[in-house]
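In what follows, a structure is listed as structure tokens, so that the remarks can point back to it.
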Amino acid sequence: MKAITIPQPGDASALVLTDVPDPLPAPGEVRIRMAAAGVNRADVMQRMGFYAPPPGASEYPGLEVSGTVDAVGDGVDGWSAGDEVCALLSGGGYAELVCVPVEQVLPVPTGVSLADAAALPEVVSTVWSNVFMTANLLPGQTFLVHGGSSGIGTMAIQLAREVGARVAVTAGSADKLEVCRELGAEILVNYREQDFVEKLRAATAGAGADVILDNMGAKYLARNVDALAPNGRLVVIGLQGGAKAELDLGQLLRKRAAVIATSLRARPADEKATIVAAVREHVWPLIGAGRVQPVIHGRYPLAQAAEAHRELEASGHIGKILLTP
């Protein structure tokens with residue numbers, strides 16, 4: 001098969017299309033012939049040498065895929081060759097074939113094309129596990145997501161809206177904020193021109209956000225804590241703004257607030273299985289009813305993975321970027 005390899009970490013040109021051996025499904029795994037794969041910031045970090053795959057995972061990048069079941073390992077029930085699926089991966093999505101534990105496989109939701117389904121597993125699992133399973137966002141609460149026009153952001157807006165939360169977003173242009181508004185965001189902050197803490201306080205009578213989903217890390221830590229409401233929860237899922245910053249524990253104590261840092265890729269298999277099952281139970285019906293949909297920015301052939309990474313790093317996209325065979 002053909003796969004994107006990373007012979008040496010570096011810029012986008014480090015991604016090399018190579019002929020490699022076909023993977024064989026182990027017991028409890030299915031093999032998927034890729035129809036599309038999602039492109040994520042984690043893939044960029046891996047390409048740069050900062051985010052190695054967990055032990056036992058494929059060395060090729062790619063954390064979500066859609067396609068057709070090609071083969072099944074021993075002990076697999078419920079899936080057979082020809083089934084159209086999407087899956088959450090620990091790696092290997094940038095390839096024509098990928099093996100994945102059966103517990104991380106999902107049916108393609110009603111109303112979503114096979115290719116577009118590749119935009120769902122990683123972002124939906126990330127949002128559902130962090131915003132709802134960990135931070136327990138409730139109806140009527142205020143939710144702030146940074147990077148509202150990203151793949152994760154566009155999904156977070158929709159899911160928070162569906163549970164009855166009030167959604168605030170940051171984004172870097174009027175066009176991006178308009179998309180966020182159309183998806184259900186009510187408090188819109190252009191981070192290039194406005195301070196999100198001030199705008200959030202003004203919109204919430206000084207209360208702030210009950211839950212914040214942050215991909216920036218150190219750069220936003222102090223302001224995120226400042227923006228939290230009493231009993232608020234800040235969930236950090238990315239380090240685009242650095243890994244180290246000073247944390248005011250006194251402010252956290254006064255607010256009875258929490259700062260939580262999580263990742264999805266390195267979680268044990270049983271935790272991933274629990275998340276995927278929750279996504280199928282709670283989110284797939286919303287997608288099937290047309291209330292929540294993936295937002296697709298563009299598609300690139302697998303051979304042009306470097307161009308897809310360059311577009312992602314330029315941050316002009318809205319929604320997800322996909323690779324196709």
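Residue numbers (UniProt numbering): 1 to 325.
Built from N, CA and C at the ideal position, the CB exists for glycine as well.
Note that the coordinates shown come from a computational prediction; the quantities given were computed from them, not determined experimentally.
I'd like the list of long-range same chain contacts for residue i, defined as Cβ closer than 6 Å, with 5 residues on each side in sequence excluded.
i: Pro27; result: Gly73, Asp74 and Gly75
i: Phe143; result: Leu137, Ala160, Ala165, Val167 and Val211
i: Gly147; result: Gly153 and Asn215
i: Ala207; result: Ala229
i: Val259; result: Leu234
Sorted by chain position, which residues of the same chain lie with C-beta nearer than 7 Å to residue i's C-beta, five sequence neighbours on each side aside?
i: Ala119; result: Gly38, Gly151, Pro294, Ile296, Lys320 and Leu322
i: Leu188; result: Val169, Leu177, Cys180 and Arg181
i: Asn130; result: Leu213, Val235, Ile237 and Thr262
i: Pro25; result: Arg31, Ala71, Val72, Gly73 and Cys99
i: Asp22; result: Met1 and Leu97
i: Ser149; result: Ala171, Lys176, Val179, Cys180 and Ile318
i: Met155; result: Val123, Val124 and Val127
Can you give me the start and stop residues for the alpha helix (DSSP H) that residue i sits inside?
i: Ala261; result: Where Ala261 is concerned, there is no enclosing alpha helix (DSSP H), although the beta strand (DSSP E) it sits in stretches over Ala258 to Ala261.
i: Gly288; result: Trp284 to Gly288
i: Gly225; result: The residue you asked about is not Gly; residue 225 is Val in the sequence shown. Start and end: Ala218 to Ala227.
i: Lys199; result: Phe196 to Ala203
i: Leu247; result: Segment: none, Leu247 is in no alpha helix (DSSP H) and carries neither H nor E.
i: Leu312; result: Ala305 to Ala314
When DSSP labels each residue in this structure, what does residue i get in the three-state scheme?
i: Ser150; result: strand
i: Asn130; result: helix
i: Asn40; result: coil
i: Met34; result: strand
i: Ala269; result: helix
i: Phe143; result: strand
i: Glu64; result: strand
i: Gly78; result: coil
i: Lys176; result: helix
i: Glu29; result: strand
i: Ile157; result: helix
i: Ile6; result: coil
How big is the Cα-Cα spacing for residue i and residue j?
i: Asp116; j: Ser66; result: 8 Å
i: Gly288; j: Gly92; result: 27 Å
i: Val236; j: Phe132; result: 14 Å
i: Val85; j: Glu186; result: 34 Å
i: Asp272; j: Val100; result: For the record, residue 272 in the displayed sequence is Lys; it is not Asp. One C-alpha to the other measures close to 12 Å.
i: Tyr191; j: Ala174; result: 11 Å
i: Trp79; j: Gln104; result: 12 Å
i: Asn3; j: Tyr60; result: For the sequence presented, residue 3 should be read as Ala rather than Asn. Roughly 7 Å separates the two Cα atoms.
i: Glu29; j: Asp83; result: 14 Å
i: Gln304; j: Gln240; result: 24 Å
i: Val44; j: Lys199; result: 32 Å
Return the first residue and the last residue of the beta strand (DSSP E) that residue i is part of.
i: Asp210; result: Ala209 to Asp214
i: His297; result: Ile296 to Pro301
i: Ala171; result: Arg166 to Ala171
i: Val100; result: Leu97 to Pro101
i: Ile187; result: Ile187 to Asn190
i: Leu322; result: Lys320 to Thr324
i: Val16; result: Val16 to Asp19
Apart from the five residues just before and just after residue i, which ones in its own chain have a Cβ nearer than 8 Å to its Cβ?
i: Pro7; result: Ala14 and Val16
i: Ser315; result: Gly172
i: Arg310; result: Ala12
i: Glu64; result: Ala37, Gly38, Asn40, Cys86, Ala87, Leu88, Leu89, Gly93, Ala118, Ala119, Leu120, Pro121, Glu122 and Val123
My guess is that residue i and residue j are in contact by the Cβ rule of under 8 Å, so how many angstroms apart are they, rounded?
i: Ala218; j: Lys244; result: 6 Å
i: Arg33; j: Thr5; result: Between Thr5 and Arg33 the Cβ distance is about 19 Å, and since that is not below 8 Å, they are no contact.
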